[in-house]
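> Here it is: the structure, laid out below.
Numbering (my numbering), first residue to last: 7 to 104.
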């Protein structure tokens with residue numbers, strides 16, 4: 007997992023209802039996100055960030071103390087470009103020795 011904060015545009019599958027969230031962390035299989043929009047377990051979402059897009063399913067969601075919803079999502083469909091971008095983001099850069 008990598009702590010990554012980025013804006014996400016989400017659309018419940020089969021609708022045109024857009025809303026936004028922010029990622030909290032990211033892994034090769036999914037992400038934790040925070041949203042002012044309520045989410046329910048089992049909801050399928052189309053999502054897009056500045057660098058990759060795909061589909062995901064809400065695995066769990068709960069309200070946080072600040073009135074936002076925290077949700078863990080599992081990626082269900084990612085294209086080749088999205089897989090490449092995830093790999094790039096999650097692969098540690100070699101540290102330079104001075």
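No residue lacks a Cβ here, since even glycine has one placed at the ideal position from N, Cα and C.
#1: Quick one: residues in its chain with C-beta nearer than 6 Å to the C-beta of residue 32, no 5 flanking neighbours on either side, listed in chain order?
#2: Roughly how many angstroms separate the alpha carbons of residue 77 and residue 50, rounded to a whole number?
#3: What span of residues does the alpha helix (DSSP H) with residue 92 cover, start to end?
#4: By Cβ distance, which residues of its chain are closer than 7 Å to residue 104, with the 5 residues on each side in sequence left out?
#5: Assuming the contact rule is C-beta atoms closer than 8 Å, residue 81 and residue 60 should be a hit. Round their C-beta distance to whole Å, please.
#6: How close, in whole Å, do the beta carbons of residue 79 and residue 91 come, if the pair is a contact with beta carbons under 8 Å?
In this structure, then:
#1: Counting from 1 along the chain shown, the entry for residue 32 is found at position 26. Hits under 6 Å: 8, 10.
#2: Start at 1 with the first residue of the chain shown, and residue 77 comes out as number 71. Start at 1 with the first residue of the chain shown, and residue 50 comes out as number 44. In a straight line, the C-alpha of residue 77 is about 12 Å away from that of residue 50.
#3: For the purposes of this step, residue 92 is taken as the residue at position 86 of the chain shown. Where residue 92 is concerned, the enclosing alpha helix (DSSP H) stretches over 86-96.
#4: On the chain shown, residue 104 is found 98 positions in, with the first residue counted as 1. Low confidence applies here, because residue 104 scores a pLDDT of 44, under 50, leaving its location unreliable; read the following figure in that light. Nothing listed; no residue qualifies.
#5: Here residue 81 refers to the residue found at position 75 when the chain shown is read from its first residue. Here residue 60 refers to the residue found at position 54 when the chain shown is read from its first residue. Confirmed, Cβ separation roughly 6 Å.
#6: Against the chain shown, residue 79 aligns to sequence position 73. Against the chain shown, residue 91 aligns to sequence position 85. Not confirmed; about 16 Å, so no contact.
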